[in-house]
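K.L.:
Submitted below is the structure of interest, expressed as structure tokens.
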Amino acid sequence: MALLNWQDARHFDATQNLPCALCGKPTPMRSHDREPVHKVCAEDWCDQHPGSIRFHS
Ligand SMILES: [Zn+2]
3 MALLNWQDAR
13 HFDATQNLPC
23 ALCGKPTPMR
33 SHDREPVHKV
43 CAEDWCDQHP
53 GSIRFHS
């Protein structure tokens, strides 16, 4: 499993929740491209798309 290091505050938007790009549920988490996504969803996506850098920091 790909473990993302999303401890950085840049990956957390305290001002608003937006629908996760993968599961559609609200999340304050953001990818490095500011795409709303849960960390666990992004990790699952990375597992299913090896070689993609979509959600990598
Ligand atoms: Zn999600």
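Residue numbers (our numbering): 3 to 59. Ideal Cβ placement from N, Cα and C applies to all residues, glycine included.
What would DSSP say about R12, mapped onto helix, strand or coil?
P.N.:
Note: R12 maps to helix in three-state DSSP.
K.L.:
I'd like to confirm something about H40: is its beta-carbon nearer than 6 Å to some heavy atom of ligand 1, or not?
P.N.:
Checking the Cβ of H40 against ligand 1 gives yes.
K.L.:
Beta carbon of D66, beta carbon of P30: below 7 Å?
P.N.:
The structure shown does not extend to residue 66, since the chain spans only 3 to 59, so no value can be given for it.
K.L.:
Can you pull the DSSP bridge partners for L20?
P.N.:
Answer is T29, bridged to L20.
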